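The sequence shown begins at 179 in the numbering used here and counts up by one. Quick reminder that beta carbons are idealized off the backbone N, C-alpha and C, glycines included. No experiment lies behind these values; they were computed from the predicted model shown.
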Amino acid sequence: MTLADFCAHCLSLPHVEETTPFGPDILVYKVAGKMFALTTPEDFPATANLKCDPERAIELRDRYEEVQPGYHMNKRHWNTLTLEGSLPNKLVRELIDHSYQLVVASLPKKVRETITQGGCHS
């Protein structure tokens, strides 16, 4: 998956915003103010950090060379993916969605309901 496709998929999810809280060279994707993905567009090859269920994170790391413990993140809950490699695009999209869903599930009920019902949240 290209970096552009990664970013586009993140932004296609409901209520997602792209921010740069760590500087202009790190793109952070948030839902309701909570991070679920980040990437450094200047890196080559491009990499991305995604939140992941701890058990699934270990399985993915064992199966795919391009999936490593999260760089500068809680390694139990985050993976770093090398993009533009041999990871199937479908898998990367599923992992973006999984990360997004983990964050949405952790939000307060009222915020979560607004997001899942398609309402506006500021």
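- One Cα belongs to residue 232, the other to residue 179, and the distance between them is close to 23 Å.
- Sequence-distant partners of residue 188 (beyond 5 residues in either direction) whose C-beta falls short of 7 Å from its own C-beta, in its chain, are 194, 207, 215, 274.
- Within the region 217-250, complete beta strand (DSSP E) segments of at least 3 residues are found at 225-229, 245-247, given in chain order.
- The three-state secondary structure of residue 267, taken from DSSP, is helix.
- Rounded to the nearest angstrom, the gap between the Cα atoms of residue 248 and residue 276 is 15 Å.
- With a contact defined as Cβ atoms closer than 8 Å, residue 205 and residue 223 miss out at about 16 Å.
- Relative to residue 183, the option among 267, 237, 288 whose CA is nearest is 267.
- Secondary structure of residue 181 (DSSP, three-state): helix.
- Excluding its 5 nearest sequence neighbours in each direction, residue 264 has C-beta neighbours in its own chain below 7 Å: 244, listed in chain order.
- In terms of Cβ geometry, residue 226 and residue 261 form a close pair [threshold 8 Å].
- According to DSSP, residue 209 shares a beta bridge with 194, 212.
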